[in-house]
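Scroll down for the structure; my scribbles are underneath it.
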Amino acid sequence: MELLGIIWVSLRVSLAATTLAALASVPLGFWIAVREFPGKRVVVVILNTLFSLPTVVVGLLVYGLLSHSGPLGSLKLLYTPAGMTLGQWILATPVITALTYAATKGVDERVRPTALTLGADGWQAGLMVLREARYGLLAAVVAGFGRVISEVGAAIMIGGNIRGYTRTITTAIALETSKGEFQIGLILGVILLAVALSVNLFVHAFLRARP
Amino acid sequence: MNPNPAFRLRQIRQEIPGRTLLEVPELEFPTGEVSALVGPNGAGKTTLFRILALLDPPFAGALEFRGEPAAFSGPRWLELRRRITLVHQTPFLFRGTVFQNVAFGLRVRGEPQAIWPPRVAEALELVDLGGFQDRFVIALSGGEAQRVAIARALAVQPEVLLLDEPFANVDAGRISRLEALISEINHRLGATVIFSTHNLGQAFRLTSRVVTLVAGKVAEFGHENIFSGAVEGEGAEPWITVRGGWRIRIGPGVSGRVTCSVPPEAIALRPAGGPGASECNCFEGEITRMECHNGRVRLRVDGPVSFRVVLPDQEFQRQGIRLGDRVVVSFTPAAVKILEAKP
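Chain order of the listed sequences is A and B. According to my numbering, the first sequence is numbered sequentially starting from 256. According to my numbering, the second sequence is numbered sequentially starting from 289.
Below you can see the structure in the form of structure tokens.
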């Protein structure tokens, strides 16, 4: 039963972080792709660099923010799943934004003028571009999810690996390995992959239903 | 008659950094008619179309649509765009079915769903693709995709239909059908149609309103019945010898090698075999094509030397000319227009 609880915490935190990140990052990535503004290249380079943002650095930063003496200490989010969600949100955002940017850029440049000349307004034309990019967008969100479900640094520093509360699959693996329980660690690793596989199968089934 | 032209351009200039793509001091496209835009690749046809479709604002100058200034942003932009539809040279079809594509314009306009199927069916019938509704666009051939794109534009019944090189990806067997379709769109739907092509003859087959673009500028009216050769013969009526050894007499005062044109309106027709064959510049041939448009009839007379002829409708009726008739084409030496003379 403890195992199910661990899987549940992992899924809940990572799915929440990915969803929140997608809600902000898909429109942001799209906006960066279709608008021209000074410094656009710099923004794209920074986004791509943030792909490699070390999870422990994010963990440390958020720890600082949420700790008692930190600026957001009064929210009492340290060592809670909500705090972990915040950390993972920071990790997923640049990944989803940058991949949304790439997916939007990859859409045929005739889509927008075609929609416009057929009478679409600006929003409708934008939605058509997103619709044409939908495979790329789903890949972006899946990549964001992969980034957060597999990370351990932020989860352990912000969540504290509290049994039955903030312990996730990855933090459990870290704990078991440090105890010398390599076998349990490996089994947990396989479980993590199985969870990720299920999520991906679900997404694929969703895509195949709408060609 | 519509007093306000569909489009009026004044001092329109389009540029990209370091290059002028289009420069049109003054140009009009009449409402309710078919106009052709002729020019080689890179002449600025697509650039002009994108301005007329209100997709790209011009760098400078003023564009009027039906007598009012065009808008390139805001609510009026949307309102005007919904009256003008451009079919791209290599059209893009949205992922999904033919129906979804053709109904797109109706959907974004918020038209009731009940009218989508009949309107889509009607538009597809017009382009000979009846029954294609449920096909996925990914399975269409290039020519079919082109026609779906035209149907998609027709479904919204635009006031102005802009067709950028509609003949470019069409196989030879379908060209005449597409030409007929352009006339039909104009007649049946009353739409103003502007299409581009690099085939001058094709342009003239469909309309007498031809605008020629060369290197981003409107060139002088396109010429037809073009001949060239060295000027021979002294005196008042020299001639040039054209293919097959036939002579075309031209006006006096030119020498060297010339390129000339015979304006189709300056050519007279009479039945073959009749009297009056003594004048010069007479050529016998057969009528192989005729089209009626705006009170004028365009004919193609094929013989040893082929000519395109434009007759006023009344004259055409009076003579009772029919397809396949043998006729004599005649024109005066003075009617021959010298386009270029090289010593």
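Quick reminder that beta carbons are idealized off the backbone N, C-alpha and C, glycines included. Every value quoted in this text rests on a predicted model; they were computed, and no experiment measured them.
Task: Gly391 (chain A) at chain B interface by Cβ criterion, 8 Å - done: Along the first sequence, read from residue 1 onward, the residue named residue 391 (chain A) stands at position 136. False, the Cβ-Cβ gap to chain B never drops below 8 Å.
TODO: Tell me the start and end of each unbroken beta strand (DSSP E) in the segment 440 to 484 of chain B that is at least 3 residues and wholly inside, in chain order.
DONE: 448 to 451
- [ ] Please list the residues of the segment 368 to 390 of chain A that have a C-beta atom closer than 8 Å to any C-beta atom in chain B, keeping them in chain order.
- [x] Pro368, Thr369, Ala370, Leu371, Thr372, Leu373, Gly374, Ala375, Asp376, Gln379, Met383, Arg386, Glu387
Open item on the list: Run through chain A and tell me which residues come within less than 7 Å of Val444 (chain B), C-beta to C-beta.
Closed with: As a working note, residue 444 (chain B) is residue 156 in the second sequence. Result: Leu373, Gly374.
Open item on the list: Is there a Cβ of chain A sitting closer than 8 Å to that of Ser496 (chain B), yes or no?
Closed with: Here residue 496 (chain B) refers to the residue found at position 208 of the second sequence. No, because no Cβ of chain A sits closer than 8 Å to the Cβ of Ser496 (chain B).
TODO: Given a cut-off of 8 Å, decide if Val444 (chain B) and Leu373 (chain A) are closer than it, judged by their beta-carbon atoms.
DONE: Locating residue 373 (chain A) in the first sequence gives position 118, counting from the first residue. Locating residue 444 (chain B) in the second sequence gives position 156, counting from the first residue. The answer is yes: Cβ separation under 8 Å.
- [ ] Whole angstroms is fine: what's the gap from Asn416 (chain A)'s alpha carbon to Val317 (chain A)'s?
- [x] Position 161 of the first sequence, counted from the start, is the residue given in the question as residue 416 (chain A). Position 62 of the first sequence, counted from the start, is the residue given in the question as residue 317 (chain A). Answer to the nearest angstrom: the Cα atoms are 15 Å apart.
Open item on the list: To be precise: take each residue of the segment 357 to 368 of chain A, compare its Cβ to all Cβ atoms of chain E, and keep it if any distance is under 8 Å. Which residues remain?
Closed with: The chain inventory of the structure shown lacks chain E, comprising the protein chains A and B.
- [ ] Can you pull the chain A residues whose beta carbon is under 9 Å from the beta carbon of Phe353 (chain B), in chain order?
- [x] Residue numbering aside, residue 353 (chain B) sits at position 65 when the second sequence is read from its first letter. In chain order: nothing, as chain A lies at least about 14 Å away.
TODO: Sort B:Ala441, B:Val598, B:Ile438, B:Pro559 by Cα distance to Ser496 (chain B) and report the nearest one.
DONE: As a first step, residue 496 (chain B) is located in the second sequence; it is residue number 208 there, counting from the start. Measuring from the Cα of Ser496 (chain B), the nearest candidate turns out to be B:Val598.
Task: When A:Thr369, A:Ala347, A:Thr340 are compared against Thr373 (chain B), the one with the closest alpha-carbon - done: For the purposes of this step, residue 373 (chain B) is taken as residue 85 along the second sequence, with counting starting at 1. When only C-alpha atoms are compared, the closest one is A:Thr369.
Open item on the list: Which of the three DSSP states is assigned to Gln607 (chain B) in this structure?
Closed with: Taking the first residue of the second sequence as 1, we reach residue 607 (chain B) at position 319. Here Gln607 (chain B) sits in helix by DSSP.
Task: Residues bridged to Ser516 (chain B) (per DSSP) - done: For the purposes of this step, residue 516 (chain B) is taken as the residue at position 228 of the second sequence. DSSP, once it has assigned bridges, lists B:Thr547 as partnering Ser516 (chain B).
Open item on the list: By the DSSP assignment, the beta strand (DSSP E) with Thr373 (chain B) in it spans what residues?
Closed with: In the second sequence, the residue the question calls residue 373 (chain B) occupies position 85. Thr373 (chain B) -> beta strand (DSSP E) spans 372 to 375.
TODO: Measure the C-alpha to C-alpha separation of Val425 (chain B) and Glu574 (chain B) and round it to an integer number of angstroms.
DONE: As a position in the second sequence, residue 425 (chain B) is number 137, starting the count at 1. As a position in the second sequence, residue 574 (chain B) is number 286, starting the count at 1. Cα-Cα distance, rounded: 44 Å.
TODO: Have a look at Pro336 (chain A) and Val313 (chain A) and give me their C-alpha separation to the nearest angstrom.
DONE: Here the question's residue 336 (chain A) lines up with position 81 in the first sequence. Here the question's residue 313 (chain A) lines up with position 58 in the first sequence. Answer to the nearest angstrom: the Cα atoms are 15 Å apart.
Open item on the list: What residue range does the beta strand (DSSP E) around Pro559 (chain B) cover?
Closed with: Start at 1 with the first residue of the second sequence, and residue 559 (chain B) comes out as number 271. Its beta strand (DSSP E) spans residues 556 to 559.
Open item on the list: Helix, strand or coil for Thr359 (chain A)? Go by DSSP, reduced to three states.
Closed with: As a first step, residue 359 (chain A) must be located in the first sequence, where it is residue number 104. Reduced to three states, the DSSP call for Thr359 (chain A) is helix.
Task: Helix, strand or coil at Glu364 (chain A) [DSSP, three-state] - done: The count along the first sequence starts at 1 and reaches residue 364 (chain A) at position 109. It is coil, neither helix nor strand.
Task: Span of the alpha helix (DSSP H), counted from its first residue to its last, around Arg596 (chain B) - done: As a working note, residue 596 (chain B) is residue 308 in the second sequence. No alpha helix (DSSP H) contains Arg596 (chain B), which is instead part of the beta strand (DSSP E) from 595 to 600.
- [ ] With 8 Å as the threshold, decide whether the Cβ of Phe347 (chain B) is near any Cβ in chain A.
- [x] Reading the second sequence from its first residue, position 59 is the one you call residue 347 (chain B). No, its Cβ sits nowhere closer than 8 Å to a Cβ of chain A.
Open item on the list: Helix, strand or coil, according to DSSP, for Met289 (chain B) in the structure here?
Closed with: To locate residue 289 (chain B), count along the second sequence from 1; it is residue 1. Residue confidence for Met289 (chain B) is low, a pLDDT of 44 falling below 50, so the modelled location carries little weight; the figure read from the coordinates is stated next. In the structure shown, Met289 (chain B) sits in coil (DSSP, three-state: anything other than H, G, I, E or B).
Task: Cβ shell of Gly562 (chain B) (< 8 Å), same chain only, five flanking positions each side left out - done: Taking the first residue of the second sequence as position 1, residue 562 (chain B) is located at position 274. Only Val616 meet the Cβ criterion.
TODO: Evaluate the contact criterion for the segment 610 to 629 of chain B versus the segment 547 to 563 of chain B: three or more CB pairs, one atom per stretch, below 8 Å.
DONE: yes
Task: Beta-bridge partners of Leu297 (chain B), as assigned by DSSP - done: By one-based count along the second sequence, residue 297 (chain B) stands at place 9. B:Leu315, B:Leu351.
Open item on the list: So Val396 (chain B) contacts chain A; which residues on that side make the cut at Cβ distance below 8 Å?
Closed with: Indexing the second sequence from 1 puts residue 396 (chain B) at position 108. Residues of chain A passing the Cβ test: Ala370, Leu373, Gly374, Ala375, Asp376, Gln379.
- [ ] Could you check if His323 (chain A) is buried or exposed, using at least 16 other CB atoms within 10 Å of its CB as the buried criterion?
- [x] The residue you call residue 323 (chain A) lines up with position 68 of the first sequence. Counting Cβ neighbours within 10 Å, His323 (chain A) comes out exposed, since fewer than 16 surround it.
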